[in-house]
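Asker: Have a look at this one.
Numbering (full-length UniProt numbering), first residue to last: 1 to 439.
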């Protein structure tokens with residue numbers, strides 16, 4: 001009957017163990033010196049000698065595998081040498097996504113387990129991704145450093161600029177801060193009135209006026225007169241338009257003769273404050289679209305703001321006064337609001353409230369004209385006033401159309417920054433050329 005032990009310490013007492021007989025039953029190399037309890041290693045070495053204990057050299061020797069059973073081979077580990085790593089790298093380079101059969105074949109060639117091949121491939125790909133990410137991070141850091149250096153040079157150059165008018169320091173940042181404070185205070189602060197007082201009065205006037213018979217008659221007269229003015233502005237030459245000089249830059253637009261314009265189309269001086277700067281331009285282009293589809297885009301506020309998104313930041317149809325005939329918007333009247341913008345915080349957004357009128361002028365000619373209502377309602381908060389503006393669409397063969405655009409605007413130049421003043425007054429920012437370019 002086997003002896004029962006009450007604890008592990010009692011089990012390993014030297015008086016109760018026959019080390020010599022116990023070791024004779026173990027396979028060769030199954031016991032390491034490190035496995036021996038402290039104080040017993042010398043006793044066991046004296047009994048069986050150092051040659052009977054397994055050593056790391058014997059474990060790494062492939063010839064010892066024949067003397068070991070299956071249970072010992074299962075725990076034996078083979079380290080990757082330089083040749084094995086080289087073979088694995090060539091294998092994964094030729095076949096980045098091997099299947100199980102290919103992994104097993106490679107494992108047999110290198111005397112490894114298939115799981116070792118799988119783990120090595122996973123680790124290899126992970127290290128490769130880490131190296132690639134580190135390279136991308138270094139490249140981004142270098143690019144950010146270059147941008148910071150460029151920004152610093154721009155700030156230094158901006159700080160050293162001088163005013164074109166007085167020749168002194170420009171103080172761009174200081175001017176921007178002052179301008180933002182003025183905008184927050186409101187345009188009517190000097191008059192002692194709330195900034196919201198005038199828009200509410202104008203809104204109430206609009207709602208009451210456009211639903212009266214007098215208001216509808218006045219709108220009808222305004223849109224017809226605006227259409228006739230637009231047609232004349234589009235087709236007239238000299239003396240209304242002064243041709244560009246031949247020795248000047250190419251593609252220079254014609255210049256409107258303001259004296260001749262006011263003689264043909266006289267205006268009430270109360271509707272045109274002296275501080276407003278005129279911006280008038282016209283341009284034309286041929287587009288691959290028939291007139292009906294162009295008219296549908298212009299009469300739909302959503303499509304219009306999408307197609308001309310570079311200029312129109314927001315558009316809304318307030319009311320459809322007349323739907324037109326034959327579902328082609330002929331004689332259609334839409335009351336609309338829109339905001340025109342330039343992608344810069346230094347250029348204020350231009351808000352317009354107008355009536356858009358569409359008419360089939362001839363069989364092959366359509367006219368779409370905008371009539372600004374700011375002058376009708378005498379809105380004192382308006383910063384820009386749009387005179388009759390719009391486009392003429394002439395049908396051409398093969399589905400083409402010729403679009404002639406006229407843009408006639410008066411804007412308060414006090415809100416225009418000096419950096420953008422030449423761009424604004426030349427008509428490049430909000431002129432006809434930009435509208436035609438986006439059509």
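Even glycine gets a Cβ: it sits at the ideal position worked out from N, Cα and C. Quick caveat: nothing in here was measured; it's all calculated off a predicted structure.
Report back the beta-carbon spacing between residue 299 and residue 386 to the nearest angstrom; my notes put them in contact at under 8 Å.
Answerer: Their Cβ separation, rounded to whole angstroms, is 17 Å, which puts residue 299 and residue 386 out of contact at 8 Å.
Asker: Between the C-alpha atoms of residue 137 and residue 424, what's the straight-line distance to the nearest angstrom?
Answerer: The straight-line gap from Cα to Cα measures roughly 42 Å.
Asker: So residue 322 and residue 332 are supposed to be a Cβ contact under 8 Å. How far apart are they, rounded?
Answerer: Contact holds; Cβ gap of about 6 Å.
Asker: On the DSSP letters alone, give me the boundaries of the beta strand (DSSP E) that residue 369 sits inside.
Answerer: Unbroken beta strand (DSSP E) run through residue 369: 365 to 372.
Asker: With a threshold of 8 Å, are at least 3 pairs of Cβ atoms found where one atom belongs to the stretch 342 to 354 and the other to the stretch 212 to 228?
Answerer: The stretch 342 to 354 is not in contact with the stretch 212 to 228.
Asker: Which residue wins for smallest C-alpha separation from residue 368, given the options 334, 144, 400?
Answerer: Nearest option by C-alpha distance: 334.
Asker: Measuring alpha carbon to alpha carbon, tell me which residue in 99, 310, 285 is nearest residue 349.
Answerer: Looking at the Cα atoms, 310 is the closest of the given residues.
Asker: Using 8 Å as the Cβ pair cut-off and three pairs as the minimum, do the stretch 390 to 408 and the stretch 285 to 298 touch?
Answerer: Enough Cβ pairs lie closer than 8 Å, so yes.
Asker: Put residue 383 into one of helix, strand or coil per three-state DSSP.
Answerer: Of the three classes helix, strand and coil, the one that applies to residue 383 here is coil, per DSSP.
Asker: Who are the Cβ neighbours of residue 220 in its own chain at under 6 Å, not counting the five residues just before and after it?
Answerer: Hits under 6 Å: none found.
Asker: Going straight from the alpha carbon of residue 241 to that of residue 232, what length do you get?
Answerer: Cα to Cα, the separation comes out at about 11 Å.
Asker: Would you identify the three-state DSSP class for residue 289, choosing helix, strand or coil?
Answerer: Correct three-state label for residue 289: coil.
Asker: Give a yes or no on whether the C-beta atoms belonging to residue 281 and residue 432 are separated by under 9 Å.
Answerer: In contact: residue 281 and residue 432 (Cβ atoms closer than 9 Å).
Asker: Using C-beta distances below 6 Å, list every residue in its chain close to residue 312, excluding the 5 sequence neighbours before and after it, in chain order.
Answerer: Excluding residues within five positions, the ones whose Cβ falls inside 6 Å are 305, 338.
Asker: Suppose you measure from the CA of residue 55 to the CA of residue 89; what does that come to, to the nearest Å?
Answerer: Because the pLDDT at residue 55 is just 38, under 50, the model does not fix this residue reliably, and the value given afterwards should be weighed accordingly. Using only the alpha carbons, I get a separation of about 32 Å.
Asker: May I have the straight-line CA-CA distance separating residue 381 from residue 412, to the nearest angstrom?
Answerer: Cα-Cα distance, rounded: 11 Å.
Asker: Which one of 262, 243, 259 has the shortest CA to CA distance from residue 253?
Answerer: Checking every option, the nearest Cα to that of residue 253 belongs to 243.
Asker: Around the C-beta of residue 32, are 16 or more other C-beta atoms found within 10 angstroms, so that it is buried, or is it exposed?
Answerer: Its pLDDT being 49, under 50, residue 32 is placed unreliably by the model, and nothing is read from it.
Asker: Whole angstroms is fine: what's the gap from residue 405's alpha carbon to residue 394's?
Answerer: Looking at the two C-alpha atoms, the distance is approximately 12 Å.
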